[in-house]
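Structure, as C-alpha cells:
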C-alpha cells in the first residue's frame, strides 16, 4: 500500500508529497529493511529521493544511464572470469548476477563521503549464488585469489546474521582496470531471504519444490515467531503518541550483536549499554546489576557496547536501580523496567515517562482528595529532577505514587530554561519557567513550589583514585555501590593482582561536588577488604 502511494505522489500537492516522502524515508523504508524486504526498501528510498531532491535524483539517474553500456561490458568481463574460475574449482551449480547500486544508495555514498558522483568508485557489484555454506567460503577464497581484497571491507553475515535474518559474505576487491568491485556471496535460500524477508520461508519452499502445498506445524511456528516479534515491538511502546518516535529512535536504528558468557547472541541497538544487556537477559538481572565485564575486562555501565563483545553482568542481591540508571539505559525495555522498579520501591519519588521529582515528607493533602486531570502533553522529553531541600514543602500527596507532571502551557518551558515546579490541586506538578508572569498570581506559591532542573549535564567533578585491598570477589561491586550511593557514577575501573595477596585498582568516577567525593572516599574506606585509598 505504501509503495503504491509513493508511485502516485505526483497527484498530490508538493507539500503533502514531501511530507509522505519524508515519512517513508524515516519509517517505512527502514521497516522494510528490518523485515528483510530489500527490493521494497530500495524502491521506497528511490521514490522518496525523487520527491525530496528531484534535481539530485535526475542527475544520478542520467549519470548511471550514460555509463550503462560501459558498465554492462565491464561486468560481463567480470562474469566470464568468475564462471571460468568456478569451473576450474568444479563449482558447476553457481549463478553470477551483476548489480549496480540503486539511486538512493549512490546518493548516500556521495553524502557520507562528501564526494562528487564521478569520485564514487564502488557502485558496481556482483552477487554469486551457490548451493551450500561450504561453497560460499570456497567462493570467497576464489574471489580473493582473483583480485586483492580491500582491507576492512570484508563482512561475514553468515556467521553473524543481521537482525532481519539476512545472511551473505560481503567483500570489496580491486578488480579489472583498478576498479573497486563489491562482491556478495550467498546460498539460494539466503538469497530468497534477502529478497523476501519474513515471507522467505514459504517463497523458498515454493521455488525449490520442497513443499507439499500444505500448511505445516513448522510453518505455523515460523509465522507465530514473526507475529510475536511485530507485536512485541508495538507492546514496548508505552503511549500511542510516541509510537513513531520510538520506531525511529530504537526499532529502526543500527544494531549490534554481543554474546553472553554461554555463547548466546543478543541483539541490541547500536548505542546500548550493559544495563540494556542486563535487562534484556532478565528483569531481575537488571535490577541487581552492580557492574559489567566486556571480553573479561571491567567496563562502566555508561559505556556503549561494541559488536561481538562477550558481556558478563556482575550482580549483588543488595543492588537496585537508581535515578541515574535512567540516563545510562538506552532501550525502551530497560528504561521501562527501571521506572517500574523506582515507582514500586522508592516512596520518595514521583515518576512518569518524562519527568522525575522528589516527594516531600508532607505534600498537599488536598491532592489526595482531588484526583489529577489528564496532564498536558509534554513538549520536551527531558527528565526533570527535584533538588529541593527536604524542609521546603509541607504538603502531602497521599498514597498516589504516579502523580501527574506536565509542562505549563502559559510559558512553554524548554530545555535550558530556568524552571520551577508548582504543586497544583487537580493537576499534579506543573513545571513553569522561573520568569513566568503567572507564577506571582498563583495561590500559596511559596508553599507549593518545587525547584527542579533539566537533567542535561553530567556530574561536573571527575576524580581518579587508587585502591589497595585484600583479595575479594566483591570489591568492584562494593566500590561502584559506594559511588552510586552518593549519586555519582563509575566512568572506568581496573583491578590487577598485586604483591602479598593484594588487589590494586584504579578508578575514575564523576560526582556532583567535592563534598560528595569525600563521602564516597569515606564509604570506600569502610569496605572491610580495603587497605588504603589514594588520589591519582
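Numbering (the working numbering), first residue to last: 579 to 1114.
Backbone N, C-alpha and C define an ideal beta-carbon position, used for all residues, glycine too.
Please read all numbers here as calculations on a predicted model, not as lab measurements.
Asked                                                                                                                        : Found
Beta-carbon proximity check, residue 883 vs residue 1055, cutoff 8 Å                                                         : no
Exposure label - residue 612; buried when at least 16 CB within 10 Å                                                         : buried
Beta-carbon proximity list for residue 1084, same chain, < 6 Å, skipping 5 on both sides                                     : 1044, 1072
Nearest neighbour of residue 849, chosen from 920, 896, 905 [CA to CA]                                                       : 905
Residue 989, DSSP secondary structure in three states                                                                        : coil
CB contact below 8 Å: residue 644 versus chain D                                                                             : Any reference to chain D falls outside this structure, which holds one protein chain only.
The segment 675-695 contacting the segment 714-728, beta-carbon criterion three pairs below 8 Å                              : no
Start-to-end residues for the beta strand (DSSP E) that takes in residue 677                                                 : 673-678
Limits of the unbroken beta strand (DSSP E) element including residue 847                                                    : 843-847
Bridge partner(s) assigned by DSSP for residue 1041                                                                          : 1087
Alpha helix (DSSP H) segments (min. 4 residues) lying fully within the segment 695-752                                       : 711-724
Sequence-distant residues of the same chain with beta carbon closer than 8 Å to residue 837, five excluded per side          : 843, 844, 886, 887, 888, 889
Residue from 707, 721, 755 with nearest C-alpha to residue 767                                                               : 707
Environment of residue 878 [buried if 16+ CB atoms lie within 10 Å]                                                          : buried
Beta carbon of residue 731 nearer than 8 Å to that of residue 745                                                            : no
Separation of residue 584 from residue 595, as counted between CA atoms                                                      : 9 Å
Integer-rounded CB distance, given that residue 870 should sit under 8 Å from residue 852                                    : 3 Å
Residue 723 burial status per 10 Å Cβ neighbour count (16 or more: buried)                                                   : exposed
Outcome for residue 909 when other beta-carbon atoms lying within 10 angstroms are tallied against a minimum of 16           : buried
Straight-line Cα distance separating residue 616 from residue 773                                                            : 5 Å
Limits of the unbroken beta strand (DSSP E) element including residue 1071                                                   : 1067-1075
Segment limits, beta strand (DSSP E) that includes residue 762                                                               : 758-765
Three-state class that DSSP yields for residue 589 in the structure shown                                                    : helix
Sequence-distant residues of the same chain with beta carbon closer than 7 Å to residue 592, five excluded per side          : none
Given residue 586 as reference, the closest of 629, 1089, 1069 once Cα atoms are compared                                    : 629
From 760, 619, 625, residue whose alpha carbon lies closest to that of residue 598                                           : 625
DSSP-derived helix/strand/coil call for residue 547                                                                          : Given that the chain is displayed from residue 579 to residue 1114, the structure contains no residue 547 and the question cannot be resolved.
Rounded straight-line distance, which links the Cα of residue 1009 to that of residue 991                                    : 7 Å
Spatial neighbours of residue 709 in its chain, beta-carbon cut-off 6 Å, leaving aside the 5 residues before and after       : 671
Close Cβ partners of residue 1023 (< 8 Å) along its chain, the five nearest in sequence each way excluded                    : 1000, 1017
Residue from 859, 865, 684, 1042 whose Cα sits closest to the Cα of residue 915                                              : 865
Inter-residue spacing [alpha-carbon to alpha-carbon] between residue 747 and residue 620                                     : 20 Å
Neighbourhood of residue 895 by C-beta distance below 8 Å, restricted to the same chain and skipping five residues each side : 866
N- and C-terminal bounds of the alpha helix (DSSP H) containing residue 1099                                                 : 1092-1103
Three-state class that DSSP yields for residue 880 in the structure shown                                                    : coil
Exposure label - residue 902; buried when at least 16 CB within 10 Å                                                         : buried
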